[in-house]
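Encoded as structure tokens, the structure appears first; notes follow it.
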Amino acid sequence: MAALITCKQVAARGDLEEFIRAFNAGPRRLCMKDTRGQTPLHVAAISGFCNIVDYIIEQNINLDTVDNEGDTALHCAVRNNHVDIIESLLDAGATSSITNLRHMAPLHIACDLGNLDALEAMLKKNVDTMIRGEGGCSPLHYCCLNDKSECARLLLKHGARPCQRCDMGYFPIHIAAKCASAQTLEMLIQESMKKGYDRATVMGFKDKENNMPLHAAVNGGNLKAVEVCLKAGALVDCQQDDKTTPLHLAAAQGNLDMITLMFELQTANFSSALGAVDAMKMTPLHRAALFNHVQVVEFLIRNGAEIDSVDNTSSTPLLLAASKGSWDSVLCLIQHGADIYSHDQNSRNFLHLAIRFGGKLHEFGCSFVESIKNLLNEKDKFGCTPLHYASKEGHLPALDDLIRFGAALSPKNNDKQSPFHFAARYGRYNTCRRLLESHQGPSIINETDADGLTGLHIAAKNGHTKILHLLLQKGAVINRDNDDNTPLHYAAAQGWTRCMRILHDVNTNLIDVPNQHGDTALHLAAKNGRVSAVKMLLTLGSAVKKNKEEKSFFDYVIESKESEVATSVVQHERWEEILLAGSSQYGCLFLGLIEHMPSTCVLVLDRCQTFSEHDKRSPDYYVSIYLCPMYKNQQNKRIILQAMVRHGRVDCLSHPVCASLLKLKWNTYGLWAFLLILGLYSIFLACLTYFVVTSDSLYYKTDNSTILSDNENHGYDPKPAHNLCLWIVAVYCMLGIIKEMVQMITQKTRYFADKQNLFEWILYMTSLVFTAPFLLGCSYHWQWEAGSLAVFFAWFNFLVVLQRLDFFGIYVVMFLEILSTLLQALCVFSVLFVAFGLSFFILLSHESTRAYSSPLLSVMRTAMMMLEIDYMASFNEPYTDGDDSTLHYGVVTMLMVVIFVILMPILLINLLIGLAVGDIESVQRDARLKRLAGQVALHSDMESKMPLWLLSQFDQPVYKFFPNRCRTRMANLWSRVSGSDLEDQAESANDGITKEIAEELHKQKKKLRDVSASLDKSNHLLRLIVQKMEIHTEDEVWDEGQSLTCRTT
126 MAALITCKQV AARGDLEEFI RAFNAGPRRL CMKDTRGQTP LHVAAISGFC
176 NIVDYIIEQN INLDTVDNEG DTALHCAVRN NHVDIIESLL DAGATSSITN
226 LRHMAPLHIA CDLGNLDALE AMLKKNVDTM IRGEGGCSPL HYCCLNDKSE
276 CARLLLKHGA RPCQRCDMGY FPIHIAAKCA SAQTLEMLIQ ESMKKGYDRA
326 TVMGFKDKEN NMPLHAAVNG GNLKAVEVCL KAGALVDCQQ DDKTTPLHLA
376 AAQGNLDMIT LMFELQTANF SSALGAVDAM KMTPLHRAAL FNHVQVVEFL
426 IRNGAEIDSV DNTSSTPLLL AASKGSWDSV LCLIQHGADI YSHDQNSRNF
476 LHLAIRFGGK LHEFGCSFVE SIKNLLNEKD KFGCTPLHYA SKEGHLPALD
526 DLIRFGAALS PKNNDKQSPF HFAARYGRYN TCRRLLESHQ GPSIINETDA
576 DGLTGLHIAA KNGHTKILHL LLQKGAVINR DNDDNTPLHY AAAQGWTRCM
626 RILHDVNTNL IDVPNQHGDT ALHLAAKNGR VSAVKMLLTL GSAVKKNKEE
676 KSFFDYVIES KESEVATSVV QHERWEEILL AGSSQYGCLF LGLIEHMPST
726 CVLVLDRCQT FSEHDKRSPD YYVSIYLCPM YKNQQNKRII LQAMVRHGRV
776 DCLSHPVCAS LLKLKWNTYG LWAFLLILGL YSIFLACLTY FVVTSDSLYY
826 KTDNSTILSD NENHGYDPKP AHNLCLWIVA VYCMLGIIKE MVQMITQKTR
876 YFADKQNLFE WILYMTSLVF TAPFLLGCSY HWQWEAGSLA VFFAWFNFLV
926 VLQRLDFFGI YVVMFLEILS TLLQALCVFS VLFVAFGLSF FILLSHESTR
976 AYSSPLLSVM RTAMMMLEID YMASFNEPYT DGDDSTLHYG VVTMLMVVIF
1026 VILMPILLIN LLIGLAVGDI ESVQRDARLK RLAGQVALHS DMESKMPLWL
1076 LSQFDQPVYK FFPNRCRTRM ANLWSRVSGS DLEDQAESAN DGITKEIAEE
1126 LHKQKKKLRD VSASLDKSNH LLRLIVQKME IHTEDEVWDE GQSLTCRTT
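Residue numbers (this note's numbering): 126 to 1174.
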């Protein structure tokens, strides 16, 4: 580093001999950088010692090395205006297009600093004059930015184009105009005129935003730049694409000095610009009035601006100023004689707009007030008078002025709505009060609009309780509208419970009044999902009626799936009455809940069970199951349980209520029926099994006429036990076939959808084929084959029968579900078995074991290879024994074995395992549903065959279960075997957790409601404090209610 500093110091002093000695001591020092990233070449270029620079150039080092700022030695030389060094560097091949960290090339630096000598030196070396720098600016842009006119002239002389835009879309002339670069601007104009352009054309060049130079200068707000443009020949009345003149822009800014300058420099064109209109047909006066630049407005009027010109909305400057709350400009225009009787395109006069946007009429002077009395009751395009707008906006001073000046209170708009209707709609309490306390108040309190709505209807519809109180105190009559809706209907439809309470306290008969469609307030609240309204109406005693469509309010709740409303109804004390009301659509409302709202159905089931107050471990502790709200008779009982099965409502079926009901049915008659079926089937299975086990399947004759009794040496010795077993099996199968045929007739197409029926047919037919020849004294080969199938399906069907039991059932059903999935997957991938089987048939058809001797055997062997490939005996030994006859196609065979191992044992087996157990939760859910569905089907089938008098013995409205009562030893043993106690404990635990969560959520919701109520009370208290302390607020001017427009005072 010391050597480097010495070299730099020598270069800064310009002592060539000493520099050469330092260089010879260490040639690599020329490329070393200091802390600022500068090399000795940078230092020599900055210091201006050309001899040092020339010596360094002779050493053939990189001349484009940059420092920490991105500057090369050429940048440094140009910045310091060292012409000889610039020429030396360019002659030596230094690159002139490198930009530093500020995106400036050496040419940009020369123009930015005005280093004319450096610029000329580079231009002589044919440096690119159009090189882009920061923001896409050319060197000419930099000249215009700093008013370097001589540099600009030199650039133009060497081919720079003034028509090049920067990245922001500006031409150099726009930059000169915005930056008030007068000399450069004039020079650009002169150079452009030499190329055939006139002055007006040059000043009409447009940038990316279609701004002319003068427009750009006005937008920049630079008064000197505007003066330069004006003196350069830019016209005040020139218009852009949007027809805007510079005077429009200056008027919108309120820049009076700029407008005065335009007037002084171009008086004739200024007068023309005063009448020019933009794309919206606005004059400069419109723009000034719009933004409330009162001094500009007065100046423009004094110099000849048309005071009543209209824009494309037919608005004069006065109307435009009034519509934006520009009251200073309004006063100025009125004082200069603006027409207050003009109208815009919506036929609104000055009074409409002034009142709508908060104008105070008494501030405009007495003469003005007298002149506008003819406008008080004038209607606009929508039929609204100024009083309509005052009532709508809640502008109290304007309202008082209009009433004092004699405005009519009863005129109605095109929808037959009066100002009082507007005030009631937007919640303007003070407005309503002042209208009702006027001399015309009694005549407007019960006025109706086109739909027959009074102020009472409108206030109830929009939830304005204070207005509702006011109207009822003033004696408003509770009428019906054109659809026979009362105010309570509208309040209930929108869920305004406070309004509902007020109306009910006044007239309790409103609660069950139907409208034209037969809908009560309860119907409308349910249709619109208003939870609080429904709860309040039920609490107030609203009757559960049906409308003209024969639908109750709960039918609409189910149709629209309003879960919150349904939950509130179920949790209400009148829930039983509502569910027992019936439904023309569903027959039973509980069926609708099962189909559309299963979560609510679970809540109903929760309400159907109650727990005694005893200790949960006490023997007297019991659970009451109340079933009347779900159904009224045994037929509905079966339909409801079947509906749960049909719609897959596992949560409902496994609910303690349904589980207890199924358990009751099971213990009452289901268990005995099942034991009877199981006993008969066990006898059949035992007889078939005994015969198969005690008989020899190889003792048969191929002669079809062989009789067992004559076959003394090699036949069967008939035993009475065998004959008894055969007859029992045959009779059972015949009865089973008759049962299946009866089911086929009764169930029709549904019979063929049950796979269990197919298994039973196979069982009965194979058993008959097996036993019948023996009963006739014959024995055949195919008979024993049928017997093997019969005994397999008999035991398999026994597994299916066991699924009725709680403990075994879930596992049996899961087994069948997984079996179904595996069979489907194997059917799909059987293509692979055929593919590999046929390949191995070709390659191994002469193998010693003959396992691949036929296509069918080859496919079978391929399937078995998935479990045990037997590689050593089947492939390795034949491949290595040296005998070509044992494995003729060795290489291809081994390749196929590798492919087989990858696809079948590895990929396919893992896939099948994943399908079998991957979604075990879904399998368990489906198995649980099927088990419960089987129980429901069993009980429903039995109940359909039992007489009603017998069923009535078991049908009770309330069931009580004592879970802690002692049971017999046999019952305890059966519970342990069946696992019912474990299931009950698990369900109780889950129910406990669910209830805890539900209770916690209910507590949190209650806390939120309490917080909301507390905030409302605090807000009301603050308003009272403000009133007592006589603090002046905006409420003295603007009435309460909905905020509709941006208010400017």
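Note that the Cβ used here is the ideal one computed from N, Cα and C, for glycine as well.
Taking the alpha helix (DSSP H) that residue i falls in, what are its first and last residues?
| i | result |
| --- | --- |
| Q908 | 906 to 926 |
| K660 | 656 to 664 |
| D237 | 231 to 238 |
| C624 | 622 to 631 |
| V817 | 796 to 818 |
| A584 | 580 to 587 |
| E675 | Counting along the chain, E675 falls outside any alpha helix (DSSP H), and DSSP gives it neither H nor E. |
| K790 | 781 to 790 |
| E562 | 554 to 562 |
| D453 | 452 to 460 |
With which residues is residue i paired in a DSSP beta bridge?
| i | result |
| --- | --- |
| G483 | Looking at the DSSP assignment, G483 forms no beta bridge with any residue, so it has no partner. |
| S708 | G712 |
| Y751 | V1083 |
| Q734 | I750 |
I'd like the list of long-range same chain contacts for residue i, defined as Cβ closer than 6 angstroms, with 5 residues on each side in sequence excluded.
| i | result |
| --- | --- |
| L280 | T254, P264, L265 |
| T611 | R605, L635, V638 |
| S221 | P231, V252 |
| A768 | L716, I719 |
| T590 | R623, C624 |
| K224 | Inspection of the sequence shows that residue 224 is occupied by Thr rather than by Lys. Once the five neighbours on either side are set aside, the close Cβ partners of T224 are A230. |
| T190 | T164 |
| E687 | G654 |
Should residue i be labelled buried (16 or more other beta-carbon atoms within 10 Å of its own) or exposed?
| i | result |
| --- | --- |
| V135 | buried |
| E702 | exposed |
| N1144 | exposed |
| F736 | exposed |
| M859 | exposed |
| D332 | buried |
| K303 | buried |
| V602 | exposed |
| S274 | buried |
| P152 | exposed |
| N499 | exposed |
| A112 | Residue 112 lies beyond the residue range present for the chain, which begins at 126 and ends at 1174; the question has no answer from this structure. |
| P442 | buried |
| T370 | buried |
| V203 | buried |
Kindly list the residues whose CB is nearer than 7 angstroms to the CB of residue i, restricted to its own chain and excluding five residues on each side of it in sequence; keep chain order.
| i | result |
| --- | --- |
| S657 | G620, T622 |
| F67 | Outside the shown range of the chain (126 to 1174) lies residue 67, about which nothing can therefore be said. |
| D196 | N225 |
| E259 | R227, H228, M229 |
Ordered along the chain, which non-local residues of its own chain (more than five positions away) have a Cβ less than 8 angstroms from that of residue i?
| i | result |
| --- | --- |
| G218 | L188 |
| V959 | V984 |
| T827 | Here T827 scores only 47 on pLDDT, less than 50, and its place in the model is too uncertain to base an answer on. |
| E963 | At residue 963 the sequence reads Leu, which differs from the Glu that was named. The residues are P980, S983, V984. |
When you compare the CB of residue i with every CB in chain D, is at least one pair closer than 8 angstroms?
| i | result |
| --- | --- |
| S448 | Looking at the structure shown, chain D is missing, and only one protein chain is on hand. |
Closer than 7 angstroms: is that where the CB of residue i sits relative to any heavy atom of the ligand ATP?
| i | result |
| --- | --- |
| V1022 | Annotation note on the ligand ATP: not contained in the displayed structure, which lists no ligands. |
Identify every run of the alpha helix (DSSP H) within the stretch 390 to 417, keeping only runs that are complete inside it and at least 4 residues long; order them along the chain.
Every alpha helix (DSSP H) stretch that sits fully inside the stretch 390 to 417 and reaches 4 residues is listed by chain position as 392 to 399, 409 to 415.
Could I get the ranges of all uninterrupted alpha helix (DSSP H) runs contained in the stretch 844 to 916, with 4 residues as the minimum, in chain order?
Correct list: 845 to 872, 874 to 877, 880 to 900.
Suppose only complete runs of 4+ residues qualify. What are the alpha helix (DSSP H) ranges in the stretch 142 to 218, listed by chain order?
Those alpha helix (DSSP H) runs which fall completely within the stretch 142 to 218 and span 4+ residues are 165 to 172, 175 to 183, 198 to 204, 208 to 216.
Run through the stretch 290 to 375 for me and flag every whole alpha helix (DSSP H) of 4 or more residues, listed as ranges in chain order.
If only complete runs of 4 or more residues are kept, the stretch 290 to 375 shows the alpha helix (DSSP H) at 297 to 303, 307 to 319, 324 to 327, 338 to 345, 348 to 356, in order along the chain.
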